[in-house]
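Everything on this sheet refers to the single structure shown next.
Numbering (our numbering), first residue to last: 233 to 953.
Here it is in structure tokens:
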């Protein structure tokens, strides 16, 4: 035992020497251990082998120099779902060239890395980093790529970053940066990519940015930039993509923009205040694939500049003041015939007038989106529009288009969104619309469609928004609508629909909004609506629905609007949930309803025992029988009262005998002129009295008509009998 102990101590000491040999670079080791200590979550086990049992150069994501002393040169842990803070101890890895920690869940500030003189690549994008961009990054003098995009960074861009003369790519996209764009960034001649989009930057775009000799991508969109693009641009032959969308830039575009940017592929100028004509020089940019000039103040006709733009796939001119009122104004359709790859054409919200020309058929059959809504288009839609069988979206709403849709609608079998609302389309809804099985949005609202709803609409099983409101559609709602399992919004209001609401609609359990108001629907609310747990809006007002209010309506907890007013519902209003909320529920115009929350101001419901109910029903059965008998007695009394005054004769009036004439309801109606207002003698609490003359008996009579809807009318009748 005494011999064994020294041996164990010797082994332990040797093991420690071995460990110190494995981790001979204590500085880098400690920096990595500090980094690991800051990690609070590692769901993928990215740091599972970061232990003392192996050399740190063999740890996941770590690469080192090949010669002693081994120094860390790469730390690559992108996309590992790591959480925690990034330790500034990484600034001690002075040989580090690549630091890539993007697409994780890091929080806290950007680490202080000013000592990393050899750092080339710094990717910390797509995390949750906050605070300011440290100006110490300017001391990383060899940086070529700096990406801090998609974080929560605030403050201004440090002007010192203008000293990073080797920088090629700079991206601060999608943060909360404020202030102006530093002038010095435009002096970095090596820059090829600058992305400052989706921040809150203000002020003008520095003129130096329009002189960067190697710039390829320049993205400044979605900020608060003002001013204008210089009137005269210097040649930028390297620039391929330019986006300044959604700023406050204005004035006219440089006339030479097309000639000095000869290799431009993408030009996004949307959402600014540019004005004037669309420049003809843009037709010189033969490599252009996407042009977006939407939401500006461009005027005049759309120029014929597309003849050379054979590679154009996206053309968005919407929300301007562009005009077309004659054949010359529509000539651009002829030029678009050369854009054989065109997929998106938007002319929405301009001042285009007149009939859509047949030349629209010259546009590429590769078109997947055609948007011409919000103009002053009139006449019929050319049937040749049916040739665009690849269309996914077609919007012609908010125009003055007429005619039917039957000739072309069934051919667009790939449509997913069709909007024809607010026009003057007429005729029936073509059954061929059921061929468009990919449709998820269909609005034919505010037109003049007539006829019946085709059951083929039930084939549209991808449908989630169906709006057929404000037309003249008749008939009933097809039971086939129950097949629309993805339906979220159903609007058939303000038509002439009748019949009962189909029970099958209860199968559409995704429904959030149902509007069927201002029709002639009958029956009760389907019991299957109890399955619609997502329902928020149910508008059924101004119909002829009847019966008691279903108690399950109280279980629809997501209801924000329930309008059942102006129907014929009756009975007691169920209590203790949704139907107690008068700010959500409307029940006016249902005289048969009673009880409920006090805010509805409904009359109280009568409490009737079972025995009293039987008596009441018996009385209501006997009242018509005794009414006729009473009328005969009353007529006989009046006739003989004038002639017989003796007590005996008077008593005879109240004995039933053969002297009383038999009088039918028809005789009474004839005697009173169908209870004409001119024969009305007076009104009482429980009914009205009419004068009349029984023809066969030549007898002048008074006829009392009881109003059985009045409470206690039955008692009054018994009393009078």
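Ideal Cβ positions, reconstructed from N, Cα and C, are used throughout, including at glycine. Predicted model, so just to flag it, every value in this text is computed and none were measured.
Under 7 Å between C-beta atoms of residue i and residue j
| i | j | result |
| --- | --- | --- |
| residue 382 | residue 358 | yes |
| residue 569 | residue 606 | no |
| residue 672 | residue 693 | no |
| residue 305 | residue 327 | yes |
| residue 748 | residue 724 | yes |
| residue 824 | residue 797 | no |
| residue 779 | residue 756 | yes |
| residue 409 | residue 447 | no |
| residue 530 | residue 510 | yes |
| residue 378 | residue 402 | yes |
| residue 178 | residue 704 | The shown model of the chain, from 233 to 953, leaves out residue 178, and the question about it has no answer. |
Between the CA atoms of residue j and residue i - distance to the nearest angstrom
| i | j | result |
| --- | --- | --- |
| residue 736 | residue 729 | 17 Å |
| residue 468 | residue 476 | 16 Å |
| residue 799 | residue 777 | 5 Å |
| residue 314 | residue 428 | 26 Å |
| residue 299 | residue 307 | 18 Å |
| residue 795 | residue 802 | 15 Å |
| residue 719 | residue 466 | 55 Å |
| residue 587 | residue 435 | 44 Å |
| residue 371 | residue 488 | 39 Å |
| residue 542 | residue 571 | 4 Å |
| residue 731 | residue 608 | 38 Å |
| residue 420 | residue 441 | 10 Å |
| residue 521 | residue 462 | 24 Å |
| residue 301 | residue 260 | 10 Å |
| residue 627 | residue 602 | 7 Å |
| residue 887 | residue 909 | Only weak support exists for where residue 887 lies, its pLDDT of 38 falling under 50; the coordinates are left without a value. |
| residue 518 | residue 502 | 20 Å |
| residue 685 | residue 758 | 20 Å |
| residue 911 | residue 813 | 47 Å |
| residue 264 | residue 276 | 18 Å |
| residue 881 | residue 905 | Because residue 881 sits at a pLDDT of 37, beneath the cut-off of 50, its placement in the model cannot be relied upon, and the following sentence gives the value as read from the coordinates. Roughly 32 Å between the two C-alpha positions. |
| residue 197 | residue 924 | The chain is shown only over 233 to 953; residue 197 falls outside these bounds and no answer can be derived. |
| residue 532 | residue 726 | 40 Å |
| residue 635 | residue 661 | 12 Å |
| residue 399 | residue 770 | 59 Å |
For residue j and residue i, believed in contact at Cβ under 8 Å, the rounded distance
| i | j | result |
| --- | --- | --- |
| residue 528 | residue 506 | 4 Å |
| residue 740 | residue 714 | 7 Å |
| residue 550 | residue 579 | 6 Å |
| residue 312 | residue 336 | 6 Å |
| residue 598 | residue 622 | 6 Å |
| residue 344 | residue 323 | 5 Å |
| residue 919 | residue 938 | 4 Å |
| residue 450 | residue 426 | 5 Å |
| residue 525 | residue 548 | 7 Å |
| residue 375 | residue 361 | Their Cβ separation, rounded to whole angstroms, is 17 Å, which puts residue 375 and residue 361 out of contact at 8 Å. |
| residue 333 | residue 356 | 6 Å |
| residue 631 | residue 655 | 5 Å |
| residue 641 | residue 665 | 6 Å |
| residue 746 | residue 716 | The pair is not a contact, with the Cβ atoms about 12 Å apart (cut-off 8 Å). |
Coarse secondary structure for residue i, derived from DSSP in three states
| i | result |
| --- | --- |
| residue 638 | coil |
| residue 415 | helix |
| residue 566 | helix |
| residue 533 | strand |
| residue 556 | strand |
| residue 920 | strand |
| residue 212 | Given a span of 233 to 953 for the chain in the structure shown, any question on residue 212 remains unanswerable. |
| residue 236 | Annotation note: pLDDT 31 at residue 236 (below 50); position unreliable, coordinate value reported separately. Three-state DSSP puts residue 236 in a helix. |
| residue 876 | For residue 876, the predicted model reports a pLDDT of 43, less than 50, meaning its position is unreliable; a value from the coordinates is still stated below. Coil, per DSSP. |
| residue 736 | helix |
| residue 632 | strand |
| residue 387 | strand |
| residue 807 | coil |
| residue 643 | helix |
| residue 442 | helix |
| residue 371 | helix |
| residue 521 | coil |
| residue 717 | coil |
| residue 274 | coil |
Touch check for the stretch 392 to 401 and the stretch 412 to 427: three-plus C-beta pairs under 8 Å?
Taking 8 Å as the limit for Cβ pairs, the verdict is that the stretch 412 to 427 does touch the stretch 392 to 401.
*Stretch pair the stretch 785 to 795 + the stretch 825 to 832: three plus CB contacts closer than 8 Å*: Cβ pair count under 8 Å is below three, so no.
Practice prompt. Decide yes or no for the touch test of the stretch 760 to 769 against the stretch 790 to 798: beta carbon pairs closer than 8 Å, at least 3 of them.
Written response: yes
### Task
Report yes or no: do the stretch 614 to 629 and the stretch 548 to 567 share at least 3 C-beta pairs separated by less than 8 Å?
Judged by Cβ distances under 8 Å, the stretch 614 to 629 makes no contact with the stretch 548 to 567, as fewer than three pairs qualify.
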